[in-house]
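*Asks:* If you use mature numbering (1 follows the signal peptide of the UniProt record, and there is no 0), the sequence shown corresponds to residues -25 to -1, 1 to 551, in order.
Glycine included, C-beta positions come from ideal geometry on N, C-alpha and C.
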Amino acid sequence: MEISLQKNNLITMLLILVCPDLLFSGFEANALPYDYTASIECLETPLKPLHGGGIILNPELNMGLKGWQAFGDAKIEQRELAGNKFVAVHARNHPTDSISQKLYLQQETLYSFSAWIQVSEGNEAVAAVFKTGTGFKHGGAVVAESKCWSMLKGGFTSDATGPAELYFESKNTSIEIWVDSISLQPFTTEEWASHQDQSIKKVRKAKVRIQAIDKQGNPLSNATITIQQNKPGFPIGCAINKNILKNTPYQKWFTSRFTVTTFEDEMKWYSTEVSPGHEDYTSADALLSFAKQHNIAVRGHNVLWDDPKCQPGWLYSLSPAELSSAVHKRIVSVMSRYRGQLMAWDVVNENLHFSFFESKLGDQATPNFYRLAHAVDWSVPLFLNEYNTIEDSRDWAATPAKYLQKLRQIQGLTRNAKMGIGLESHFGTPNLAYMRASLDTLGATGLPIWLTELDVLSGPNQAKYLEQILMEAYSHPKVDGIVIWAAWKPQGCYRICLTDNNFNNLATGNVVDNLLRQWQSRAVSGLTDTRGFFEATLFHGDYEINITHPSSSAHSFVVVSTNASLQSPLTFQVSV
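Set out below in structure tokens:
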């Protein structure tokens, strides 16, 4: 793409923006590439196994049952439909009755797992489990269907070297489990880091080529080009609360780092309507005013929370009809008040784990909430905000498959709504392989993905784990933004603080600062060549470009990235 900039007919700059996909094709020569492919469609025939099956023996079942055996009391057999061979597990008496393959794992190695699953009838959750010498590793789960194949994608990190056994699990023992195209690919920590580095180069940067020419169109050599980043394109933020409003050191620390925020409690229903009919948005209004003053974008959090413990106290005694009326009023009130002032809404919080509203208003309560939310504010994405979808492979309630199931239910009633995927990201020890695979799966929707409440459980490795998670999220091609859940309170933060009470960085704050510096372009300066060209590789973002030449006066251009959150060639919109 080529953009012509003119100033007083003296100098024209041509910004030639090179597609990142062409700049960084492939990974380093000695690093095994990672396959970000995921399918969320139920297919008539399974696709080929990723990575050629990796270390799995007979991954496509083309050699009979070689390498596979029955696990538990199950009976297994090879079958073939429309030319496709697979293994079928039947006569199951226990959830773990299935097929298995014995493996040998390496310590501190990340394993990417995938398989295609079908069940004999209905639709059922099926999980992959690895039995090791130190315990069980849960590789992921999928909601499998009959008459078509669903992709299960997951992963884990091995904490010991030794033998292991892969098997599958489903709580419904009356169904048959069919399995095909199985893959288990090991990656060293160095290879994993290489994937991140190369992905950052590919999706977070662009190569910019600037040409300086005079008013006759002749190239100007030895023109001085200076490029200074004003704002990063990828939004990284932190939650805040009303403590920031009268605390100058807190304000200075926060505004010098972050471009987006979420209010910890001030916009939630139990904060804005303590007693029925008496709404008070004073704190939320003040925080929004503060954010606007400092050009910080705000995510609306949250309209409704499905946890029965997180409701206004007066809500519990309402009849279903009264509750329905109160919910309608709440959605209209908060969303119309802040319409046009926020970048997104978390409409329903933790809907996969809790069902306060569904239990009283019926199974279609959540889709109806989103339909009304879209009618009130159609301008920004509406997020479903949930925890453990990328954090914990053992939580069957919130797997990517379960998340997508709920998302489809909502979209069935709100087809024109802009939807978004909100991942709370409350981590203990991170399972990076599972996190990446889950993002792959969710990313196949094409919807914006945000880590909305990122924190890490307190412990000696808290800062280390925070760095690992931030790096994994930032480098993933489908992630559009991150909010760290570290709003400061004098008595302490929710689970993670970035500073002490004097706003000096803790180790976690140093991690954030180091990565923010690493993910921004330093000031670039140089001379154009004999053809008037100057090149630089820059992170997506907003830039000020200055150009000077002995034949003319200096010129300054503000260059704004209009699509920094998209995985496509960077485009500048220029205001002179």
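(1) With a threshold of 16 other CB atoms inside 10 Å of the CB of Gly337, please say whether the residue is buried or exposed.
(2) Measure the CB-CB distance between Val94 and Ser14 and report whether it falls below 9 Å.
(3) How many Å lie between Ala412 and Gly507 at the Cα?
(4) If we ignore side chains and look at the alpha-carbon of each, how far apart do Lys128 and Trp353 end up?
(5) Pick helix, strand or coil for Trp244, following the three-state DSSP scheme.
(6) Closer than 8 Å is the cut-off here; do at least three beta carbon pairs connect the segment 103 to 115 with the segment 181 to 196?
(7) Can you tell me the Cβ-Cβ gap for Leu441 and Val454, rounded? I've got them flagged as a contact below 8 Å.
(8) Which residues bound the alpha helix (DSSP H) around Gly484?
(9) Provide the residue(s) that pair with Cys213 in DSSP beta bridges, ordered along the chain.
(10) How should Val249 be labelled, buried or exposed, when 16 other C-beta atoms within 10 angstroms of its C-beta is the threshold for buried?
(11) Go through the segment 350 to 378 residue by residue and report every complete run of the beta strand (DSSP E) that reaches 3 residues or more, in order.
(12) Using only the alpha-carbon positions, how far apart do Leu298 and Tyr345 sit?
(13) Check for me: the beta strand (DSSP E) holding Val117 runs from which residue to which?
(14) May I ask you to verify whether the segment 490 to 508 touches the segment 244 to 263, counting CB pairs closer than 8 Å and requiring at least 3?
(15) From the DSSP output, in three-state form, read off Leu220 for me.
(16) Among Val278, Thr163, His69, Gly110, which has the Cα closest to the Cα of Asn147?
(17) By how many angstroms is the C-alpha of Ser308 removed from the C-alpha of Pro287?
(18) What residues in its chain sit with their C-beta under 7 Å from that of Glu151, if we drop five residues either side in the sequence?
(19) Measuring only the C-alpha atoms, how far is Val487 from Ile74?
(20) Which residue marks the beginning of the alpha helix (DSSP H) containing Ile444, and which one marks its end?
(21) Please go through the same chain and pick out, in chain order, the residues whose beta-carbon is closer than 6 Å to the beta-carbon of Leu130, but skip the five residues on each side of it.
(22) Secondary structure at Glu144, three-state DSSP: helix, strand or coil?
(23) Less than 9 Å between the beta carbons of Lys304 and Pro356, yes or no?
(24) Find the nearest neighbour of Pro21 within the set Ile188, Glu120, Ala373, judged by alpha-carbon distance.
(25) Name, in chain order, the residues that DSSP records as bridge partners for Ile74.
(26) What separation, rounded to the nearest whole angstrom, lies between the Cα atoms of Ile157 and Tyr362?
(27) Mind checking which residues open and close the beta strand (DSSP E) that includes Met310?
(28) Per DSSP, Thr429 is paired with what?
(29) Helix or strand or just coil, what does DSSP make of Pro21?
(30) Are the beta-carbon atoms belonging to Glu519 and Gln171 less than 9 Å from one another?
(31) Could you give the uninterrupted runs of the alpha helix (DSSP H) lying entirely in the segment 245 to 289, keeping only those of 4 residues or more?
(32) What three-state label does DSSP hand Ala4 in the structure shown?
(33) Assuming residue 554 is part of the alpha helix (DSSP H), what are its boundary residues?
(34) So, under 8 Å CB-CB, Tyr142 and Phe46 are touching, yes? Tell me the CB distance rounded to an integer number of Å.
(35) If you measure between the beta carbons of Thr523 and Thr199, is that distance less than 9 Å?
(36) By Cβ distance, which residues of its chain are closer than 7 Å to Ser149, with the 5 residues on each side in sequence left out?
*Replies:* Taking the structure as given:
(1) exposed
(2) no
(3) 45 Å
(4) 33 Å
(5) helix
(6) no
(7) Not quite, the Cβ-Cβ distance comes to about 16 Å (not below 8 Å), so this is no contact.
(8) 482 to 493
(9) Ile459
(10) exposed
(11) 357 to 361
(12) 16 Å
(13) 110 to 120
(14) no
(15) helix
(16) His69
(17) 15 Å
(18) Ala63, Val64, His65, Val94, Ser95
(19) 44 Å
(20) 437 to 450
(21) As written in the sequence, residue 130 is Gly, which differs from the Leu given in the question. Taken in chain order, the residues that qualify are Tyr86, Ser87, Phe88, Ala408, Tyr409, Ala412.
(22) strand
(23) no
(24) Glu120
(25) Ala45
(26) 28 Å
(27) From DSSP, Met310 is part of no beta strand (DSSP E) but of the alpha helix (DSSP H) over 295 to 313.
(28) Here the sequence assigns Leu to residue 429, which means Thr is not the residue at that position. The partner list for Leu429 (beta bridge, DSSP) reads Ile459.
(29) coil
(30) no
(31) 257 to 268
(32) At Ala4, the pLDDT of 43 sits below 50, so the modelled position is not reliable; the number obtained from the coordinates is stated separately. Coil.
(33) Residue 554 is absent from the structure shown; the chain starts at -25 and stops at 551.
(34) 4 Å
(35) yes
(36) none
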